[in-house]
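As structure tokens, the structure follows; a few thoughts come after it.
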Amino acid sequence: MIFKINGLTLSVGEREELLSARAASLLGLPVGAVTDLRVIRRSIDARRARPPHFVYLVTVRLPDGIPFSVDKTAAGLTVTEETDIPVESQTAPSAKYFPAPKQRPVVVGCGPAGLFASLTLAERGISVLLLERGKAVPDRLTDVRSFWDKGILNPESHVHFGEGGAGTFSDGKLTSRVKNPHTGRVKRIMADMGAPADILIDARPHIGTDRLREVVMNLRGRLREAGCEVRFGSQVTDFIIHRGRLTGVVVNDSEEIRTDRLILAIGQSADDTYRKLAENGVSLEPKPFAVGLRVEHPQEVINRLQYGRWAGHPDLPPADYFLTAKIKEMDRSVYSFCMCPGGRVIGCSAWPGGVITNGMSSFLRDSPYANSAVVVNVRIEDLGSEGPLAGLAFRRHWEEQAFLSGGGDYCAPVQRLTDFLAGKEGDPVVRTSFLPGVRQAELKGVLPPFVSAAMKSGFAEFERKMPGFITKEAVLFGVETRTSSPVRIIRDETVQSVTTTGLFPCGEGAGYSGGIISSALDGIRAAEQLVISLGSSCSGEHRG
Ligand SMILES: Cc1cc2nc3c(=O)[nH]c(=O)nc-3n(C[C@H](O)[C@H](O)[C@H](O)COP(=O)(O)OP(=O)(O)OC[C@H]3O[C@@H](n4cnc5c(N)ncnc54)[C@H](O)[C@@H]3O)c2cc1C
């Protein structure tokens, strides 16, 4: 017999070993009767009505025939009898039989979408050529450090470009609102590649930049073992398209590679590649996105606001938050995004002359700061043009304002939250986690006026929901622009470009995902569709 029990709780300080006894008592069994208990999901309930506590979904397996009686008076708990423990899919289900590709498929971009697309194809026996314009993790790390330490930007090797894509220097949060049967499999593969096993059960899983670098390098190893070729420093600079069919790509303006199937997983920061797609007549459209600032508090402030007197308890992780505000009179939404507890705010410039902020943390989330983006939705009509690339120009403009306002050396313009709200430059900011450095400024100058107005109302609403959020200790950084792609590469249900057969745009840059997990899932989807397209384009030999 297998039971699924949802809602078992542990107080702060209680050990997970107690779960078996709690489950036994719930089923009317003696302590010790439950020996086979599996944690499926673990979350923290830090709503202020009760002290913070851990909530579990578990399965319990009992020998058949054992007498039990479920305690129906136990509040907040559900017990269901299961026929079997669900097993996550181990391989990418896809068309079972398909002809071998005549030409080697090419995958462009070594972020989550490109890596998981390549892996899915490799599992089907299709060894791809994976092209990445940036560098492998160790060399990339050197360039990113040089940017953070000395403000020297390498436009081809930075926080957005290189092995692992944009998520390599991140918090490595693996939360996603997408419901997809492959989510568990993606996490399992990450755990096999070196991610902490807790990601398999935590409701808000997180890897940390340190462990994530290891994961992506191991994934590369797995791809090479499966016969894939991974080339760094290989930028796709042009697309060869003949009568609406992709026939190849040009790499680094010099080498022509023939292929009739290309998975394009370029992320959202390759403005030049978007332009090249537009020049080649590939159908693109502008897409709504969001811009704003990053806010940093001392972590102990957020812990105190979320955990109350339990703040600082060694069993509690650094607290996070998710806040939203609807500003009715402006018809805008303001929301916190990509929160990094125990992390740092980082300079993520992607082009010479622009300042972009984002957040990153290590696995331990042990920095004394908590940061989050606070952003406002941007509509297509805000962009000043309906051209497909209008959003790229829009965000560049504000990134340039942030660069100038920060002094023109990649320092971020900063201001205390209280001063931003009071509309004055205010007191100097003394300490932040930001790399490469900060300069005092008035941040309303680095934001579209509607964004800065909406943010002011948004912060007031945040304060109502989380009293103490507005404090002199909170610092704002400009400017947060890379929440999601401002461009969509239009594709059909076969995941191919509507104008170009054989071109499979996917991941964040195509406008169909945002975040590590959803981009990985979209890469898997593109790979599955590529496999299906092999079956539909010819009827030759079949293989399983
Ligand atoms: C600092 C930071 C922190 C983040 N934190 C989180 C987080 O905690 N959790 C989360 O879920 N998401 C986070 N994100 C977002 C997440 O990283 C992205 O959503 C995700 O990486 C998108 O995956 P992707 O594969 O679609 O694109 P990317 O990861 O952007 O990868 C695209 C790759 O394509 C390459 N490329 C581009 N153009 C070309 C070309 N012409 N030729 C060859 N190669 C090319 C790029 O160099 C890049 O490596 C963060 C992003 C940043 C920048």
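Under the numbering used here, the residue at position 460 of the sequence shown is numbered 441, and the numbers go up by one with no gaps.
Every residue gets a Cβ at the ideal spot worked out from N, C-alpha and C, and that includes glycine.
Around the Cβ of I107, are there at least 16 other Cβ atoms within 10 angstroms (buried) or fewer (exposed)? buried
Exercise. Please report how far the alpha carbon of A147 lies from the alpha carbon of K437, in whole angstroms.
Key: 29 Å
Could you say which of N161, V468, F220 and W291 lies nearest to R242 if we only look at CA atoms? F220
Spatial distance of T64 from I(-17) (CA atoms) | 7 Å
| Contact test: H223 Cβ vs ligand 1 heavy atom, cutoff 7 Å | no
Please identify the residue among S514, A259 and A27 whose C-alpha is closest to the C-alpha of G368. A259
Q: Can you check DSSP and say which residues form a bridge with V468?
A: P267
*asked:* If you measure between the beta carbons of G426 and C392, is that distance less than 8 Å?
replied: no
- prompt: Taking DSSP as the reference, what is the three-state secondary structure of N161?
  reply: coil
Beta-carbon gap between V359 and V456 smaller than 8 Å: no
Margin query: Assuming contact is defined by CB atoms lying nearer than 8 Å, are F458 and V282 in contact in what I supplied?
Written below: no
Under 8 Å by Cβ, that's how I've got R463 and S250 pegged, so tell me the actual separation to the nearest angstrom. 7 Å
message = Is F384 a contact residue of ligand 1, with contact defined as CB to any heavy atom under 7 Å?
response = no
_For S342 and G189, which I take to be in contact (beta-carbon distance under 8 Å), what is that distance rounded to the nearest angstrom?_
6 Å
Exercise for the section: Please classify K425: does DSSP put it in a helix, a strand, or coil? Expected result: helix
R506 versus H163: straight-line alpha-carbon distance, rounded
10 Å
What I want to know is whether the C-beta of S500 ends up closer than 7 Å to one or more non-hydrogen atoms of ligand 1.
yes
**Q.** C-alpha distance - T475 paired with R285, whole-angstrom precision
**A.** 49 Å
Where does S414 fall in DSSP's three states? coil
Burial state of Q510, where buried means 16 or more other Cβ atoms lie within 10 Å | buried
Name the one or two DSSP bridge partners that A393 has. V419
7 Å Cβ shell around S499 - same chain, five flanking residues per side excluded
S157 and V159
| query | Is it the case that the Cβ atoms of P467 and F375 are separated by a distance below 8 Å? | reply | yes
Margin query: If distances are taken between C-alpha atoms only, which option among I337, D347, S353 and R397 comes closest to E380?
Written below: I337
Worksheet item: Is it the case that the CB of F128 approaches a heavy atom of ligand 1 more closely than 7 Å?
Response: no
Item checked: Cβ shell of G208 (< 6 Å), same chain only, five flanking positions each side left out -> S108
Considering just the uninterrupted stretch of the alpha helix (DSSP H) at P119, what are its terminal residues? V118 to K131
S50 by DSSP, collapsed to three states: which one? coil
How should A246 be labelled, buried or exposed, when 16 other C-beta atoms within 10 angstroms of its C-beta is the threshold for buried?
buried
Exercise for review: Please report the residue range of the beta strand (DSSP E) in which I(-14) lies.
Suggested key: I(-17) to S(-8)
For this session: Take D130 and list the residues in its own chain whose beta-carbon comes closer than 8 Å to its own, dropping the five residues that flank it on each side.
Result: L416 and P417
**Study point:** Bridge-paired residues (DSSP) for S138
**Key:** N135
> Roughly how many angstroms separate the alpha carbons of R169 and N339, rounded to a whole number?
Replying inline: 27 Å
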